[in-house]
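Trainee:
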Amino acid sequence: MDAKLWRGLGADLEADLVLGEVVGGGLRARFGPLYVTCPDFHLEAAKLDFGLATKVRQGQKLAVLAKASHEHVVADAQPTPGVIRLLSSVPLPGDGLGTGRLLRRNLSKEAVFSLRTGQGRPAGRPYGNLRGVAGRLYIAVHFVLDGLDLGKLRVSLSQTPTAVIGLGMFIAVARKRGIAIDQLSGTVQNDPLNMFNAEPFPSLSVEGAMRCCMDIFEFTNKNMPKWHPVLINGYNTKESGATPLQELAFLLANATCYLDEAAKRGLSVDQIAPKFAFYFGVGSSFFEEIAKVRAARCMWARIIRDRYGSANPASMLMRYHVQTCGSTLTRQQPLNNVVRCTLQALSAVLGGVSSLHVDSYDEAFAAPSEKAALLSIRTQQIIAEETGVTDVIDPLAGSYYVESLTQEMMRGAQAYLDRIDALGGVLNCVKNHFFTREIAAAAQKYQKEIDRGERTIVGVNAYRTEEEDPIDVYKPDPEIRRQAIERIQKLRATRDQQRWKEALDNVREAAKSKDNLVPAVVEACEAYATFAEIRNVLKEVYGEYEFPAIY
Amino acid sequence: MTSKIRIVMGKPGLDGHTRGIQVVARGFADAGFEVIYLGLYKTAEEIVRAALDEDANAIGLSILSGASPVVFCRDTLALLHLAGADDVALFVGGIIHDDEAHSLREMGVAGVFLPGTPMVQMVNAVQTEVEKRPLQGIGVSTVQT
Chain A
147 MDAKLWRGLG
157 ADLEADLVLG
167 EVVGGGLRAR
177 FGPLYVTCPD
187 FHLEAAKLDF
197 GLATKVRQGQ
207 KLAVLAKASH
217 EHVVADAQPT
227 PGVIRLLSSV
237 PLPGDGLGTG
247 RLLRRNLSKE
257 AVFSLRTGQG
267 RPAGRPYGNL
277 RGVAGRLYIA
287 VHFVLDGLDL
297 GKLRVSLSQT
307 PTAVIGLGMF
317 IAVARKRGIA
327 IDQLSGTVQN
337 DPLNMFNAEP
347 FPSLSVEGAM
357 RCCMDIFEFT
367 NKNMPKWHPV
377 LINGYNTKES
387 GATPLQELAF
397 LLANATCYLD
407 EAAKRGLSVD
417 QIAPKFAFYF
427 GVGSSFFEEI
437 AKVRAARCMW
447 ARIIRDRYGS
457 ANPASMLMRY
467 HVQTCGSTLT
477 RQQPLNNVVR
487 CTLQALSAVL
497 GGVSSLHVDS
507 YDEAFAAPSE
517 KAALLSIRTQ
527 QIIAEETGVT
537 DVIDPLAGSY
547 YVESLTQEMM
557 RGAQAYLDRI
567 DALGGVLNCV
577 KNHFFTREIA
587 AAAQKYQKEI
597 DRGERTIVGV
607 NAYRTEEEDP
617 IDVYKPDPEI
627 RRQAIERIQK
637 LRATRDQQRW
647 KEALDNVREA
657 AKSKDNLVPA
667 VVEACEAYAT
677 FAEIRNVLKE
687 VYGEYEFPAI
697 Y
Chain B
34 MTSKIRIVMG
44 KPGLDGHTRG
54 IQVVARGFAD
64 AGFEVIYLGL
74 YKTAEEIVRA
84 ALDEDANAIG
94 LSILSGASPV
104 VFCRDTLALL
114 HLAGADDVAL
124 FVGGIIHDDE
134 AHSLREMGVA
144 GVFLPGTPMV
154 QMVNAVQTEV
164 EKRPLQGIGV
174 STVQT
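In order, the protein sequences belong to chains A and B. Add 146 to a position in the first sequence, counting from 1, and you land on the number used in our numbering. Add 33 to a position in the second sequence, counting from 1, and you land on the number used in our numbering.
#1: Are there three or more Cβ pairs, one per stretch, closer than 8 Å when the stretch 503-518 of chain A is compared with the stretch 416-429 of chain A?
#2: Could you list which residues in chain A have their beta carbon closer than 7 Å to that of residue 147 of chain B, in chain order?
#3: Should residue 568 of chain A go down as buried or exposed, given a rule of 16 or more other Cβ atoms within 10 Å for buried?
#4: In angstroms with no decimal places, state the Cα-to-Cα distance between residue 255 of chain A and residue 330 of chain A.
#5: Would you mind sorting residue 689 of chain A into buried or exposed? The rule is 16 or more other CB atoms within 10 Å of its CB.
#6: Could you check whether the Cβ of residue 58 of chain B sits closer than 8 Å to any Cβ belonging to chain A?
#7: Name, please, each residue of chain A whose Cβ falls closer than 7 Å to the Cβ of residue 71 of chain B.
#8: Output yes if chain B places a C-beta closer than 8 Å to the C-beta of residue 349 of chain A; else output no.
#9: Among the candidates B:83, B:133, B:138, B:155, whose CA atom is the shortest distance from the CA of residue 597 of chain A?
#10: From what residue to what residue does the alpha helix (DSSP H) around residue 60 of chain B run?
#11: May I ask you to report which of helix, strand or coil DSSP gives residue 94 of chain B?
#12: Measure the beta-carbon distance from residue 337 of chain A to residue 664 of chain A and round it to whole angstroms, keeping in mind my assumption that it falls under 8 Å.
#13: Starting from the N-terminal side, write out each stretch of the alpha helix (DSSP H) that is 4 residues or longer and does not extend beyond the stretch 331-384 of chain A.
#14: Along the chain, which unbroken stretches of the alpha helix (DSSP H) at least 4 residues long are found entirely within the stretch 553-611 of chain A?
#15: Would you call residue 611 of chain A buried or exposed, if buried means 16 or more other Cβ atoms sit within 10 Å of its Cβ?
#16: Leaving out five residues on either side along the sequence, give the residues of the same chain with a beta carbon under 7 Å from the beta carbon of residue 180 of chain B.
#17: May I ask you to verify whether the stretch 38-47 of chain B touches the stretch 677-694 of chain A, counting CB pairs closer than 8 Å and requiring at least 3?
#18: Please tell me whether residue 127 of chain B and residue 150 of chain B are closer than 8 Å, where the distance is taken between their beta carbons.
#19: Taking 8 Å as the cut-off, decide whether the C-beta atoms of residue 346 of chain A and residue 60 of chain B are in contact.
#20: For the stretch 373-399 of chain A, which residues have a beta carbon sitting closer than 8 Å to at least one beta carbon of chain D?
#21: From residue 425 of chain A to residue 117 of chain B, what distance separates their C-alpha atoms?
#22: If we count the other Cβ atoms within 10 Å of its Cβ and call it buried at 16 or more, is residue 75 of chain B buried or exposed?
#23: Taking 8 Å as the cut-off, decide whether the C-beta atoms of residue 143 of chain A and residue 445 of chain A are in contact.
#24: Which residue comes first and which comes last in the beta strand (DSSP E) that contains residue 123 of chain B?
#25: Does the beta carbon of residue 154 of chain B come closer than 8 Å to any beta carbon on chain A?
#26: With a 10 Å radius around its C-beta and 16 neighbouring C-beta atoms as the bar for buried, classify residue 624 of chain A as buried or exposed.
#27: At which residue ranges does the stretch 498-533 of chain A contain complete beta strand (DSSP E) runs of 3 or more residues, listed in the order of the chain?
#28: Could you confirm whether any beta carbon from chain B is found closer than 8 Å to the beta carbon of residue 304 of chain A?
#29: Output the distance between the C-alpha atoms of residue 406 of chain A and residue 572 of chain A, rounded to the nearest integer angstrom.
#30: Please tell me whether residue 529 of chain A and residue 495 of chain A are closer than 8 Å, where the distance is taken between their beta carbons.
#31: Check each candidate in A:537, A:427, A:310 and name the one with the smallest Cα separation from residue 678 of chain A.
#32: Quick check on DSSP: helix, strand or coil for residue 423 of chain A?
#33: Report buried or exposed for residue 481 of chain A, applying the criterion of at least 16 other Cβ atoms within 10 angstroms of its Cβ.
#34: On a Cα-Cα basis, can you pick out the residue from A:502, A:634, A:402 that is closest to residue 468 of chain A?
#35: Rank A:476, A:520, A:438, A:644 by C-alpha distance to the C-alpha of residue 604 of chain A and give the top, closest one.
#36: Using only the alpha-carbon positions, how far apart do residue 377 of chain A and residue 306 of chain A sit?
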């Protein structure tokens, strides 16, 4: 039941063979046999001079040997496994797919904060007439992480708009348990640029959000060496309607913006880029998606080399998570979604992934049932352990079609990057809603293709069946909400009011000053200030972002 | 001479998934409707107020968060009723349980659009419903074309 290792798959995380280029300090990984048909591989590898000696003949297995200069890397010759992840967002432990429960069962390594938490609106306090899922607070973070060894667990905190608070709570929990924060390992999403474009969570102003984002970069770089301060998200861009090309281009553009902003804080590319984690959505366009991730790895390496002048393989390396695309799932004939998810997962694996989440067949009805979620994990295990597709790295390299699609993807993405530069850079494009408009237009086009029958969606606009058997769907237990409200009420009644007030004042002062926000936020969390309370202080100082009503 | 259908659209509650409503709003606009898109995180009060201010024939809501639309739609219908605007037709689409869809229709929601509903079907449903219930308000500003 434990998350099994992706046999050999991790190799491509550490050593990418892309378009015949060897990218990254791949020497740490256990190499499976590389089967390469790309004739100019040798030339490309030599040109990049990554200290790799290669001998290859077209169509032969490739041996990649390390030169002495990389011995320090080779010494750590552990295979880096890919990771099976399961996003577990609903709701609290004790209920179905509670985050903590899945974490405890080692089924999930992803802690996702509910939207209500992301907005900083606490459970139990209606916002006008808004009603959402149960909120999560520091005390809830304690609860979710109860019984888990934070020193060993690698957690991804999928939180952006108030990532500094999410991280603050995580650190506070660790400190309370006596775990040194330099031992904490994981990722915080912390990707405000994507949020402005495609993940419209109520957010601080662009300036405020970028300030918080960069404070996390700075703080983790100094104090949390095993922590990834950003998960640069293409998935939500994709799910909002972007084409694979747009997803790739916008993700790369955002990544350069983070590097540029980090440089203003005195963080060099080689300090920060090796910590970057990326996140793609892989949808149904099988070869196009493979070309996209191959192009992504190659372009990232080139951007680091050419735009930032770094020859450090660790900076050039692109580690990324993939999730299959929920927007492709249909309510009609839901079991067809198992097939869709499997094909998307296979496409992701053939393209190369560091970690993977497979969506569940019932997601057009509700958040997944446990049965459906388990099937998603089994899907990964079958691909990883029965098919042999993970025995080779970049198995489609050299295919004329995949290579030409990859080239096309790179040209298209580069054209977008040039256009974004010409429009005044990423932050300008965010403020002018360039990305939002491009994505919305792509979503409209996609839907029109379905409506006109130019794009087939089986069971929806073709091959329909009149009668369909109902499936079991997940329903949240209202008790969860009640418990969450009870916890927050108890918390408010019992916390040290003086300490709480002072801690929030300190957050306000830090926000107004140039000091890093993270320590003050951690202290506020330790004083049991809630998400909403901390966020409201930040909102006072920075103001809020207004999402455009574009359609 | 036909009057343009005016539809106020918005996303209620805590739900950041905009793709569906953007696509449907565009589909309605392309079908000749006057679309007033309010954006995200709207309350029932805000949506009803906009519908009254805009002399809308219809309201379209999109809920993809997995939260139940029942409470929200009940509130919206109640506010419309209080304002004497029962003639405004309420439509809702998104991730909705089958039993909830049934309750919504029972309580007077004019149309429930589940994932995969063709655009043309939604356009027809709104047109048919609006024709059934011409606006009764004073000085109704349906745009003459």
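Quick reminder that beta carbons are idealized off the backbone N, C-alpha and C, glycines included.
Mentor: Let me spell this out:
#1: no
#2: 477
#3: exposed
#4: Only weak support exists for where residue 255 of chain A lies, its pLDDT of 43 falling under 50; the coordinates are left without a value.
#5: exposed
#6: yes
#7: 695
#8: no
#9: B:155
#10: 52-63
#11: strand
#12: Actually they do not touch by this definition, with Cβ atoms about 17 Å apart.
#13: 338-344, 352-369
#14: 572-577, 580-597
#15: exposed
#16: Outside the displayed span of chain B (34 to 178) sits residue 180 of chain B, for which this structure offers no information.
#17: no
#18: no
#19: no
#20: In the structure shown, chain D cannot be found, because the protein chains are A and B.
#21: 49 Å
#22: buried
#23: Given that chain A is displayed from residue 147 to residue 697, the structure contains no residue 143 of chain A and the question cannot be resolved.
#24: 122-127
#25: no
#26: exposed
#27: 501-503
#28: no
#29: 10 Å
#30: yes
#31: A:310
#32: strand
#33: exposed
#34: A:502
#35: A:476
#36: 9 Å
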